[in-house]
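So the sequences go chain by chain: A and B. In terms of the working numbering, the first sequence is numbered consecutively and its last residue is 284. In terms of the working numbering, the second sequence is numbered consecutively and its last residue is 1476. Cβ coordinates follow ideal geometry from the N, Cα and C atoms, glycine included. Each remark here refers to the structure printed beneath this line.
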Amino acid sequence: MPDRLSVRKTYKLYIGGAFPRSESGRSYPVADPKGNFVANASQASRKDVRDAVVAARKAFGGWSARTAYNRAQILYRVAEMLEGRRAQFVDELRQAGASKSQAAAETDAAVDRWVWYAGWADKLAAVTGSANPVSGPFFNFSTPEPTGVVAVLAPDSPLLGLVSTVAPAIVSGNTAVVVASEPAPLAAVTLAEVLATSDLPGGVVNILTGRRAELAPWLASHLDVNAIDLTGVADDQEKALREAAAENLKRVLRTAPGGWDAVPGTERMTAFLEVKTVWHPMGI
Amino acid sequence: MVFEYAPAPESAAIVDVRPSYGLFVGGEFTDGHGEPFKSVNPADETVLAEIARADEGDVDRAVAAARTAFERVWGPMPGAERAKYLYRIARIVQERSRELAVLESIDNGKPIRESRDVDVPLVAAHFFYYAGWADKLGHAGFGPDPRPLGVAGQIIPWNFPLLMLAWKIAPALACGNTVVLKPAETTPLTALLFADICRQADLPPGVVNIVTGAGDTGRALAEHPGVDKVAFTGSTDVGRQIARSAAGTAKRLTLELGGKAANIVFEDAALDQAVEGVVNGIFFNQGHVCCAGSRLLVQESVAEELLERLKTRMATLRVGDPLDKNTDVGAINSAAQLARIRELADAGEAEGAERWSPPCELPPQGFWFAPTVFTGVAQSHRIAREEIFGPVLSMLTFRTPEEAVTKANNTPYGLSAGIWTEKGSRILWTAQRLRAGVVWANTFNKFDPASPFGGYKESGFGREGGRHGLEGYLDA
Chain A
1 MPDRLSVRKT
11 YKLYIGGAFP
21 RSESGRSYPV
31 ADPKGNFVAN
41 ASQASRKDVR
51 DAVVAARKAF
61 GGWSARTAYN
71 RAQILYRVAE
81 MLEGRRAQFV
91 DELRQAGASK
101 SQAAAETDAA
111 VDRWVWYAGW
121 ADKLAAVTGS
131 ANPVSGPFFN
141 FSTPEPTGVV
151 AVLAPDSPLL
161 GLVSTVAPAI
171 VSGNTAVVVA
181 SEPAPLAAVT
191 LAEVLATSDL
201 PGGVVNILTG
211 RRAELAPWLA
221 SHLDVNAIDL
231 TGVADDQEKA
241 LREAAAENLK
251 RVLRTAPGGW
261 DAVPGTERMT
271 AFLEVKTVWH
281 PMGI
Chain B
1001 MVFEYAPAPE
1011 SAAIVDVRPS
1021 YGLFVGGEFT
1031 DGHGEPFKSV
1041 NPADETVLAE
1051 IARADEGDVD
1061 RAVAAARTAF
1071 ERVWGPMPGA
1081 ERAKYLYRIA
1091 RIVQERSREL
1101 AVLESIDNGK
1111 PIRESRDVDV
1121 PLVAAHFFYY
1131 AGWADKLGHA
1141 GFGPDPRPLG
1151 VAGQIIPWNF
1161 PLLMLAWKIA
1171 PALACGNTVV
1181 LKPAETTPLT
1191 ALLFADICRQ
1201 ADLPPGVVNI
1211 VTGAGDTGRA
1221 LAEHPGVDKV
1231 AFTGSTDVGR
1241 QIARSAAGTA
1251 KRLTLELGGK
1261 AANIVFEDAA
1271 LDQAVEGVVN
1281 GIFFNQGHVC
1291 CAGSRLLVQE
1301 SVAEELLERL
1311 KTRMATLRVG
1321 DPLDKNTDVG
1331 AINSAAQLAR
1341 IRELADAGEA
1351 EGAERWSPPC
1361 ELPPQGFWFA
1371 PTVFTGVAQS
1381 HRIAREEIFG
1391 PVLSMLTFRT
1401 PEEAVTKANN
1411 TPYGLSAGIW
1421 TEKGSRILWT
1431 AQRLRAGVVW
1441 ANTFNKFDPA
1451 SPFGGYKESG
1461 FGREGGRHGL
1471 EGYLDA
């Protein structure tokens, strides 16, 4: 018998900077690998998806207009807050089945990954943009811009996979609606608490927990979503989701799951960038 | 005293149009197995030639020829050798430039001044530009040794037939891919002349294959399992279909689709320059331009003055014989497109906008539409929302820069936009906020092989031109 009864956390959604329960009133039990009950997570609905997209769209103008340096600062602040919650993430990863050393290693890697992406904010334009030598008296330059609202179907790697898909989506100025790992969503909710205390404007990242197969089609067919990361969806759902995404010509990214330990390339960032080219005459 | 223009027709004798054309597969012209169709001169409705129609079996043959060429010849060839073939092609295009320009104007209806001074020089420039990339791909920022994708299926529109061919074929070949290209049904002739250029360049058989036909042929090509990459320029509706059909396959996709560009004129703009830009933006190539500045947004304080100058300028546009060197606006490409333009213009009137065209005598034969401007246009009108793809301009007004940006972005498209102001900081402020892939400031409708082109939102994805244009043809 413990000395005192612990105060458990209610795991909720993260939409527009607030922590609502699902409007559907639904939740689902999250279990550890042995099947023991750990917590109830909110089971988001179609309406929650739509609310999250509205929040993400509302946040896009402000977030994309921040200076790249400011975005870098805020993302680095996220890493600081992640580090501060290290013990909590380790606990949640252990509940999701990781050994003590695995959980510690994944948490460390997640913090380091976030730092890696934070530093990209003010370098992407230099690496992916260009001044173009056109044949005429014009100054012509190309610069990357965020594509808009990105839906992220996060993989089942509960923390490292999550940050490895969320950070590259938002570092360039996109806003995101994230569907967390279905079997292991708790670290995602804790990440939301980190984001909420890191100067990241509300709505830049919105995190839903629930049934991936139920939520993914609403995101894929939503006409105010500009891009979708299908990394976390099952193989047999990919085709239908791509077909739905074609309706408004979403940019679609799907990389093979797993392999989160390696230092990533720029692919997950450039997939959600547009290139804008501006012309102006030169003369006196 | 009034100076009248004397006709100054370019001679059509320079080009030898054959009575019938086959498919170009594996380096040879071969028969098609679909029902042949005719290509018509839109300026006088005469039949130019009978064109083979590729059925599924023909497309299959072309893809197989491209695959063989990719595996045996073009894929393994050193980039420096590929480069030399592309340089050769660029040179032959220059050598045969007048022939190509005349043929383009006959088949498409565009003024010879444009095909001669814009389309064909850009075609040569495109091949020349991408030729130089072929042996430098490791320096392009896509990894040290990026590989080609394989066989590219490429489907192009009728508005810039040869130029769109160049935009597709030049980067594909530079990256080591082989291609099967389907030109538009109404404008196949310059692509077939290009096939002859490939032969003159001794390009290995099967590296470039050209299959002619309509939508069915295009579908067979886009859906062919042997195609590794589909590149499409055309309507957003067809782009959607291609994106759907590619779902569940490993095909890579680039789509360059429709547009409804805003051309924003602020009150401090140099108005005469702006008028030239507005006219160029919508009447260049009869408005058959996906990036045409079809929505004119004018700051309220100068709207009346600008409209007056615009009408004066429109009255000087010469509409008529595409081969006349004085012609500014040529023929509408097809009867079907003319019907579409008429329908939308009629809808503009029916919805309450005011229509104006200068007095303008149109030739009795062929497909023609007078330059037209609508005023009193609301954002809800079809002429403000739908791509007309014709010489029809819709004018709206705004009061503040914020309103201009909001209205400009109020479209599912995002291909291009224009800004007219003398204030540099306002140009950059506006350009940053426009959700469009190409922004022309104090200019419009400029193109260059070194300059990436492509859209945001439902105008498609991927870029053509520049270093960025390589990405769609590389397995990075």
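Report all residues from its chain with a CB closer than 7 Å to the CB of Glu1223 of chain B; omit the five preceding and five following residues, and keep chain order.
Translated into positions along the second sequence, residue 1223 of chain B becomes position 223. Correct list, in chain order: Ser1245.
Give me the chain B residues within the contact set of Ala96 of chain A, using Cβ-Cβ distance strictly less than 7 Å, ordered along the chain.
Taking the first residue of the first sequence as position 1, residue 96 of chain A is located at position 96. Per Cβ cutoff of 7 Å: no residues; Ala96 of chain A is ~31 Å from chain B at best.
With DSSP as the reference, identify every bridge partner of Ile1155 of chain B, one or two as the case may be.
What you label residue 1155 of chain B is simply residue 155 of the second sequence in a count that begins at 1. B:Lys1182, B:Phe1232.
Is Asn1108 of chain B buried or exposed, if buried means 16 or more other CB atoms sit within 10 Å of its CB?
The residue you call residue 1108 of chain B lines up with position 108 of the second sequence. Under this definition Asn1108 of chain B is a buried residue.
Evaluate the contact criterion for the stretch 1294-1303 of chain B versus the stretch 1076-1085 of chain B: three or more CB pairs, one atom per stretch, below 8 Å.
As far as the Cβ criterion goes, the stretch 1294-1303 of chain B does not touch the stretch 1076-1085 of chain B, which means the pair count is below three.
So is Lys1260 of chain B buried or exposed if we call it buried at 16+ other beta carbons inside 10 Å?
Along the second sequence, one-based indexing puts residue 1260 of chain B at 260. So Lys1260 of chain B ends up on the buried side.
How many angstroms separate the CA atom of Tyr76 of chain A from the CA atom of Arg1072 of chain B?
Sequence index remark: in the first sequence, residue 76 of chain A carries index 76 (1-based). Sequence index remark: in the second sequence, residue 1072 of chain B carries index 72 (1-based). When rounded, the distance between both Cα atoms is 51 Å.
Indicate the three-state DSSP secondary structure (helix, strand or coil) for Phe1070 of chain B in the structure shown.
As a first step, residue 1070 of chain B must be located in the second sequence, where it is residue number 70. Helix at Phe1070 of chain B.
Do you know offhand how far Ile1103 of chain B's Cα is from Ile1089 of chain B's?
As a first step, residue 1103 of chain B is located in the second sequence; it is residue number 103 there, counting from the start. As a first step, residue 1089 of chain B is located in the second sequence; it is residue number 89 there, counting from the start. Sequence check: residue 1103 of chain B is Leu here, not Ile. Approximately 18 Å between the Cα atoms of the pair.
Could you have a look at Phe1369 of chain B and say whether DSSP puts it in helix, strand or coil?
For the purposes of this step, residue 1369 of chain B is taken as the residue at position 369 of the second sequence. Coil, per DSSP.
Ignoring anything shorter than 4 residues or poking outside the stretch 1332-1417 of chain B, list the alpha helix (DSSP H) runs there in chain order.
Counting only runs of 4 or more, we get 1335-1350, 1382-1385, 1401-1408.
May I ask which residues mark the beginning and end of the beta strand (DSSP E) holding Asp229 of chain A?
Numbered from 1 along the first sequence, position 229 holds the residue referred to as residue 229 of chain A. Segment 227-229, the beta strand (DSSP E) holding Asp229 of chain A.
Assuming Gly1206 of chain B and Ala1054 of chain B make a contact with CB atoms under 8 Å, what is their CB distance in whole Å?
For this step, residue 1206 of chain B is matched to residue 206 along the second sequence. For this step, residue 1054 of chain B is matched to residue 54 along the second sequence. Going by Cβ atoms, the distance from Gly1206 of chain B to Ala1054 of chain B rounds to 15 Å, so no, they are not a contact pair.
So which of B:Glu1351, B:Pro1111, B:Leu1317, B:Gly1022 has the shortest CA-CA distance to Val1279 of chain B?
Working through the second sequence from its first residue, we reach residue 1279 of chain B at position 279. When each option's Cα is compared against that of Val1279 of chain B, the closest is B:Leu1317.
Please determine whether the Cβ atom of Lys276 of chain A lies at a distance below 7 Å from any heavy atom of the ligand MG.
Annotation note on the ligand MG: not contained in the displayed structure, which lists no ligands.
Any idea if Tyr69 of chain A is buried or exposed, counting beta-carbon neighbours within 10 angstroms, 16 or more meaning buried?
On the first sequence, residue 69 of chain A is found 69 positions in, with the first residue counted as 1. With fewer than 16 Cβ atoms within 10 Å of its Cβ, Tyr69 of chain A is classed as exposed.
What residue ranges within the stretch 1081-1164 of chain B form continuous alpha helix (DSSP H) runs of no fewer than 4 residues, ordered along the chain?
If we require 4 residues or more, the alpha helix (DSSP H) runs fully inside the stretch 1081-1164 of chain B come out as 1097-1108, 1120-1133.
Answer with buried or exposed for Glu182 of chain A, where buried requires no fewer than 16 other C-beta atoms within 10 angstroms of its C-beta.
Position 182 of the first sequence, counting from 1, holds the residue named residue 182 of chain A. Looking at its Cβ environment, which holds 16 or more other Cβ atoms inside 10 Å, Glu182 of chain A is buried.
Check whether the Cβ of Leu273 of chain A lies closer than 8 Å to any Cβ atom in chain B.
Taking the first residue of the first sequence as position 1, residue 273 of chain A is located at position 273. Closer than 8 Å: no.
In chain order, what residues of the same chain lie with their CB nearer than 6 Å to the CB of Ala1220 of chain B, ignoring the 5 residues before and after it?
By 1-based counting over the second sequence, the position of residue 1220 of chain B is 220. So the qualifying residues of the chain are Glu1056, Val1059.
If you draw a straight line from the C-alpha of Pro1204 of chain B to the C-alpha of Trp1074 of chain B, how long is it?
Locating residue 1204 of chain B in the second sequence gives position 204, where the first residue counts as 1. Locating residue 1074 of chain B in the second sequence gives position 74, where the first residue counts as 1. Straight-line Cα distance between these residues: approximately 8 Å.
Over what stretch of residues does the beta strand (DSSP E) that includes Pro29 of chain A continue unbroken?
If you number the first sequence from 1, residue 29 of chain A lands on position 29. Per DSSP, Pro29 of chain A belongs to the beta strand (DSSP E) from 27-31.
Note down the Cα distance separating Asp122 of chain A from Gly1414 of chain B, rounded to an integer number of angstroms.
As a position in the first sequence, residue 122 of chain A is number 122, starting the count at 1. As a position in the second sequence, residue 1414 of chain B is number 414, starting the count at 1. The alpha-carbon atoms of Asp122 of chain A and Gly1414 of chain B are separated by roughly 25 Å.
Within 10 angstroms of its Cβ, does Met282 of chain A collect 16 or more other Cβ (buried), or is it exposed?
Here residue 282 of chain A is taken as the residue at index 282 of the first sequence, counted from 1. Exposed.
By Cβ distance below 6 Å, which residues in the same chain neighbour Ala1065 of chain B in space, the five residues on each side in sequence not counted?
In the second sequence, the residue the question calls residue 1065 of chain B occupies position 65. The residues are Val1025, Gly1026, Gly1206, Asn1209.
Using 8 Å as the limit for Cβ to Cβ distance, is Gly1293 of chain B near chain A?
One-based indexing of the second sequence puts residue 1293 of chain B at position 293. So, not an interface residue.
Just to check my reading of the structure: Gly173 of chain A and Gly16 of chain A have Cβ atoms closer than 8 Å, yes? What is that Cβ distance to the nearest angstrom?
Looking up residue 173 of chain A in the first sequence gives position 173. Looking up residue 16 of chain A in the first sequence gives position 16. Not confirmed; about 18 Å, so no contact.
Counting Cβ pairs closer than 8 Å, one from the stretch 1309-1325 of chain B and one from the stretch 1275-1294 of chain B, do we hit at least three?
Output reads yes: the stretch 1275-1294 of chain B touches the stretch 1309-1325 of chain B.
Under the DSSP definition of a beta bridge, which residues are partnered with Asn1326 of chain B?
To locate residue 1326 of chain B, count along the second sequence from 1; it is residue 326. BP columns for Asn1326 of chain B are empty, so no partner.
Here's a check: name, in chain order, each residue in its chain whose Cβ is nearer than 7 Å to the Cβ of Ala1270 of chain B, leaving out the five neighbours to either side.
Here residue 1270 of chain B refers to the residue found at position 270 when the second sequence is read from its first residue. The answer, listed in chain order, is Glu1422.
Can you confirm whether the stretch 195-212 of chain A touches the stretch 35-52 of chain A when touching is taken to mean that 3 or more C-beta pairs between the two stretches lie within less than 8 Å?
Contact holds: three or more Cβ-Cβ distances are below 8 Å.
Give the straight-line distance between the Cα atoms of Pro2 of chain A and Glu145 of chain A, rounded to the nearest whole angstrom.
Here residue 2 of chain A corresponds to residue number 2 of the first sequence, with the count starting at 1. Here residue 145 of chain A corresponds to residue number 145 of the first sequence, with the count starting at 1. Each residue's alpha carbon lies about 54 Å from the other.
Can you tell me whether Gly232 of chain A is helix, strand or coil according to DSSP?
By 1-based counting over the first sequence, the position of residue 232 of chain A is 232. Note: Gly232 of chain A maps to coil in three-state DSSP.
Return the CA-CA distance between Glu92 of chain A and Leu195 of chain A, expressed in angstroms with no decimal places.
Translated into positions along the first sequence, residue 92 of chain A becomes position 92. Translated into positions along the first sequence, residue 195 of chain A becomes position 195. So the two alpha carbons sit approximately 17 Å from each other.
According to DSSP, is Gln43 of chain A helix, strand or coil?
Walking along the first sequence from the start, residue 43 of chain A turns up at place 43. In the structure shown, Gln43 of chain A sits in coil (DSSP, three-state: anything other than H, G, I, E or B).
Kindly indicate which three-state DSSP category Tyr1456 of chain B falls into: helix, strand or coil?
The count along the second sequence starts at 1 and reaches residue 1456 of chain B at position 456. Reduced to three states, the DSSP call for Tyr1456 of chain B is coil.
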